[in-house]
Amino acid sequence: MRYLDEFRDPVLAAALVENIHRRSTRPIRLMEFCGTHTVSIFKHGIRQLLPPTIEMLSGPGCPVCVTANADLDWAIAVAREPEVILTTFGDMLRVPGSRSSLEKAKAEGAKVRVVYSTLDALQIARDNPDRPVVFLGIGFETTAPTIAASVLQAEAEGVSNYYILSMHKLTPPATKAILDSGESHLDGIIGPGHVTTVIGSQSWEFLPRDYGLSCVIAGFEPLDILQGIYTLVDGIEAAQPEVTNVYSRSVRPEGNETALEYMYRVFEVCAADWRGMGEVPASGLKLRERYHQFDARERFAVDPGPSVEPPGCLCGDVIRGAKTPPECSLYGKVCTPHHPVGPCMVSSEGTCGAYYLYAGEQDSVRHNLRS
Amino acid sequence: MDKILLAHGSGGRLSHDLIRDLFLPHFAAPALAKLDDAAVVEPLATTLVLPDSHRLAFTTDGYVVKPLFFHGGDIGRLAVCGTVNDLAMVGATPFYLSAGFVIEEGLGLGILRQVVASMKDSAQEAGVEIVAGDTKVVERGGADELFISTAGLGIVPQGVDISGSNARPGDLVILSGAIGDHGIAVLSEREGLAFKAELTSDVAPLNHLVASMLKASSQLHVLRDPTRGGLATSLNEIALQSGVGIRIEEGKVPVHDAVRAACEMLGYDPLYVANEGKLVAIVAPDEGERILEAMRADPHGGEAAIIGEVIADPKSKVLLRTGIGGTRIVDMLAGEMLPRIC
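Taken in order, these protein sequences are the chains called A and B.
Number 915 marks the last residue of the first sequence (my numbering); no jumps.
Number 356 marks the last residue of the second sequence (my numbering); no jumps.
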């Protein structure tokens, strides 16, 4: 199949792996920011193909995982409001908040509908003009423009029962926060391919300039990722930190200007709460005053109660790359995809879930995969 | 009379009319047509003239699917094939089915008639008789249009010993065809996805395929139809039941392009998507080619392929060798598969 098979070619993959082995001489730590990269790396078994000199860490790029419990509690409380239909992407359904999840709220009678696109949510609003329809706006710069587009569409049509609960987050400020914390000692970063399609590769120039770090923007197929890793190794070995785009079939230096224009017409930058990082300045998006009639936070006055983190859960540390999932005492024992404690185990893009599903909960099995 | 009324389930005149006018024209087995409280059927041994040592296989399953009709099938065909296939997966020759209908008040009679006709066709295709039935009508909202439950009875011929606990290290893993067709066809119908024209459910009775496999070799150790939870879940069940490991090759598992494309877009893994007309067989290594040949000669096994092997360690785990040469674990599905954010 086009666009898949050519990026999964086993012969080319073997050649790239060999090049990585040949070029890599000193121990380095690389972080893939994006959860889709994390999953792809595990799903294709890329970690075991790498030389022992390269350590891969997973970053905060799972939108579900970085959503703070307080925000999640808010969403669940809104879903329980009478008459409300809460629409959401599927990933959020099972994520445990302080006391419940959207899935549980749904089982208890709340109207929660999974949608594939904001346009589906808008259609539900058109079909139910007498009920408030709230879209749970979780995601990074990839999803925010489509949500902005739905707001503009709702305004143009005069749909007055459509609301956005914006919990959008921006990726470069989170990356800065992780680097500034000094916890993870990184040598290079695999930048998020789809986010960068929107924001442009030039948004990452601060990495070599301010932090002396190499950054590669890579796609999500195995060859994309291997090419990205090779590029990082090469740049680090040569001590020439720079931003390299190996996903040029999607990413341009300036990004997608139309998408950005939509996004910033509807949203403005604000501080945001991140799980594991707390409040990060200028790292979120809220609706502009001009569109306040679509803001669920203005429409609903709910009190979800104090937020509580599950005791013992290390999701916050895993998100920052400060800990790996097996370092958490709950991992694989109390916390599994079947009985998740923290969001990183629930989400299809969460680091703990990827470790568990694709690499096994037992050391013996992980060892078996390497041999 | 074009919709189901509560009175159709009352046991009175309307119930009788419904059975006489809608069900019996399609379900014509003499044992059913007598309308006694239970079907009296010939002992299966005399039907088949089997030696005394045969055993009976007996199974039951409930069917709920939305929408009732989808590209390539409908709930009626599912209800017949699903139960026939459950019997076939222990090597049984299926003979008799029962069918229970829970109908929501207000369901169009035309819809019910179509479902029943489809059950008749599927039963004929599988070579089974529907000999007992029941209908209940529940108030609007008490059920979602139509639920069907079927039970099935079959015979396991002498010498056949097929079970999820029979996989041994060295055995080969054979898949009867491409995975994911049913799940993605139903999903695309339900969600109105644009590529549905290319997607057809694989729902089909597999008993004839199994019969040809048994004719080719007695060394069938395990058979499973990977329905809900997909191939990944079936393989995990076998690995657990047999206390073995299973290793499959990603590149050898057939997946149709339309299903691959849909899965890529939605963030699904075809290994976890439901099938209704596929089976996975674990067979003795030296019989693999012979069984594969027999499968490929059957209309439901044309794309059959050897996809992997049973290994001693790690126990109770399924490993997948990826297209680029890495290895990863394939776990059971946790919860429902949900479309992702980005």
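C-beta atoms are modelled at their ideal positions from N, C-alpha and C, and glycine is treated no differently.
Since the model is a prediction, treat every value here as computed from it, not as a measurement.
Apply the 10 Å Cβ neighbour rule to residue i and answer buried if 16 or more other Cβ atoms are within range, or exposed otherwise.
{"i": "Thr107 of chain B", "result": "buried"}
{"i": "Gly257 of chain B", "result": "exposed"}
{"i": "Ala326 of chain B", "result": "exposed"}
{"i": "Met636 of chain A", "result": "buried"}
{"i": "Glu159 of chain B", "result": "buried"}
{"i": "Ala52 of chain B", "result": "exposed"}
{"i": "Val608 of chain A", "result": "buried"}
{"i": "Ala311 of chain B", "result": "exposed"}
{"i": "Ala782 of chain A", "result": "exposed"}
{"i": "Thr241 of chain B", "result": "buried"}
{"i": "Phe41 of chain B", "result": "buried"}
{"i": "Pro717 of chain A", "result": "buried"}
Considering only residues of the same chain and omitting the five flanking positions on each side of residue i, which have a CB-CB separation below 6 angstroms?
{"i": "Gly641 of chain A", "result": "Asn613, Leu616, Asp617 and Ile620"}
{"i": "Leu123 of chain B", "result": "Asp16"}
{"i": "Pro571 of chain A", "result": "Thr597"}
{"i": "Glu143 of chain B", "result": "Ala43 and Tyr110"}
{"i": "Ala165 of chain B", "result": "Thr74 and Ser112"}
{"i": "Leu334 of chain B", "result": "Ile262, Glu264, Arg342 and Val344"}
{"i": "Leu730 of chain A", "result": "Arg573 and Met575"}
{"i": "Glu685 of chain A", "result": "Val739, Val742 and Ile743"}
Residues in the same chain with beta-carbon distance under 8 angstroms from residue i, minus the five sequence neighbours each way, listed in chain order, please.
{"i": "Arg670 of chain A", "result": "Glu701 and Val703"}
{"i": "Gly302 of chain B", "result": "Leu186, Ile188 and Ile320"}
{"i": "Gly90 of chain B", "result": "Gln128, Val129, Val130, Ala131, Ser132, Met133, Ser136 and Ile162"}
Could you tell me whether the Cβ of residue i comes closer than 8 angstroms to any Cβ of chain A?
{"i": "Ile343 of chain B", "result": "yes"}
{"i": "Gly322 of chain B", "result": "no"}
{"i": "Ala288 of chain B", "result": "no"}
{"i": "Glu303 of chain B", "result": "no"}
{"i": "Arg261 of chain B", "result": "no"}
{"i": "Ala275 of chain B", "result": "yes"}
{"i": "Glu118 of chain B", "result": "no"}
{"i": "Ile252 of chain B", "result": "no"}
{"i": "Ile296 of chain B", "result": "no"}
{"i": "Ala319 of chain B", "result": "no"}
What does DSSP give as the partner residues of residue i in its beta bridges?
{"i": "Leu574 of chain A", "result": "A:Met600 and A:Gly732"}
{"i": "Trp818 of chain A", "result": "A:Thr611 and A:Gly822"}
{"i": "Ala71 of chain B", "result": "B:Gly168"}
{"i": "Thr247 of chain B", "result": "DSSP output for Thr247 of chain B lists no bridge partner at all."}
{"i": "Gly76 of chain B", "result": "B:Ser163"}
{"i": "Ser694 of chain A", "result": "Per DSSP, none; premise fails for Ser694 of chain A."}
{"i": "Arg376 of chain B", "result": "Outside the shown range of chain B, which is 15 to 356, sits residue 376 of chain B, and nothing can be said about it."}
{"i": "Val54 of chain B", "result": "Looking at the DSSP assignment, Val54 of chain B forms no beta bridge with any residue, so it has no partner."}
{"i": "Asp839 of chain A", "result": "A:Ile708"}
{"i": "Glu143 of chain B", "result": "B:Tyr110"}
{"i": "Phe586 of chain A", "result": "In the DSSP output, where bridge partners are listed per residue, Phe586 of chain A has none listed."}
{"i": "Leu188 of chain B", "result": "Looking at the sequence shown, residue 188 of chain B is not Leu but Ile. Answer is B:Ala295 and B:Ile320."}
{"i": "Phe115 of chain B", "result": "B:Thr149 and B:Ile162"}
If we define contact as Cβ-Cβ less than 8 angstroms, is residue i a contact residue for chain B?
{"i": "Arg552 of chain A", "result": "yes"}
{"i": "Tyr806 of chain A", "result": "no"}
{"i": "Pro797 of chain A", "result": "no"}
{"i": "Gln771 of chain A", "result": "no"}
{"i": "Ala721 of chain A", "result": "no"}
{"i": "Ala545 of chain A", "result": "In the sequence as presented, Ala is not what sits at residue 545 of chain A; that position holds Met. Met545 of chain A counts as touching chain B."}
{"i": "Ser543 of chain A", "result": "Any question about residue 543 of chain A goes unanswered here, given that chain A covers just 545 to 915."}
{"i": "Ala557 of chain A", "result": "yes"}
{"i": "Leu616 of chain A", "result": "no"}
{"i": "Tyr706 of chain A", "result": "no"}
{"i": "Tyr835 of chain A", "result": "no"}
{"i": "Tyr755 of chain A", "result": "no"}
{"i": "His712 of chain A", "result": "no"}
{"i": "Pro766 of chain A", "result": "yes"}
{"i": "Tyr902 of chain A", "result": "yes"}
Only counting the same chain, and skipping five residues up and downstream in sequence, which positions put a Cβ closer than 7 angstroms to that of residue i?
{"i": "Glu576 of chain A", "result": "Thr582, Ile585, Met600, Ser602, Gly603 and Ile734"}
{"i": "Asn563 of chain A", "result": "Tyr774"}
{"i": "Ala692 of chain A", "result": "Tyr806, Met807, Arg809, Val810 and Phe811"}
{"i": "Ser915 of chain A", "result": "For Ser915 of chain A, the pLDDT reaches just 39, beneath the cut-off of 50, and the residue's location in the model is therefore unreliable, although a value from the coordinates is still provided. Contacts found: none."}
Would you say residue i touches the ligand COA, meaning its beta carbon is less than 7 angstroms from a heavy atom?
{"i": "Ile733 of chain A", "result": "Only the bare structure without any ligand can be found here, which leaves the ligand COA out of the picture."}
| request: Using a Cβ-Cβ cut-off of less than 9 angstroms, give me the residues of the segment 141 to 175 of chain B that come near chain E, in sequence order. | output: The chain inventory of the structure shown lacks chain E, comprising the protein chains A and B.
| field | Where the segment 575 to 591 of chain A meets chain B: residues whose CB sits under 8 angstroms from a CB there | value | Listed by position, the residues of the segment 575 to 591 of chain A near chain B (Cβ gap below 8 angstroms) are Thr580, Phe586, Lys587, His588, Gly589, Ile590 and Arg591.
| query | What residues from the segment 646 to 678 of chain A come within 8 angstroms of chain B, judged by C-beta to C-beta, listed N to C? | reply | Residues passing the 8 angstroms Cβ filter: Val658 and Tyr660.
| field | Residues within the segment 189 to 203 of chain B neighbouring chain A, beta-carbon criterion of under 9 angstroms | value | Residues: none.
| query | Along the segment 590 to 607 of chain A, what residues have a CB closer than 7 angstroms to any CB found in chain B? | reply | Cβ contacts with chain B: Ile590, Gln592, Leu593 and Pro607.
| query | What are the residues of the segment 15 to 47 of chain B that lie near chain A, defined by any Cβ-Cβ distance shorter than 9 angstroms? | reply | Of all residues in the segment 15 to 47 of chain B, none has a Cβ within less than 9 angstroms of some Cβ in chain A.
| request: With 7 angstroms as the C-beta to C-beta threshold (strictly closer), list the residues of the segment 873 to 891 of chain A near chain B in chain order. | output: Cβ contacts with chain B: Pro881 and His882.
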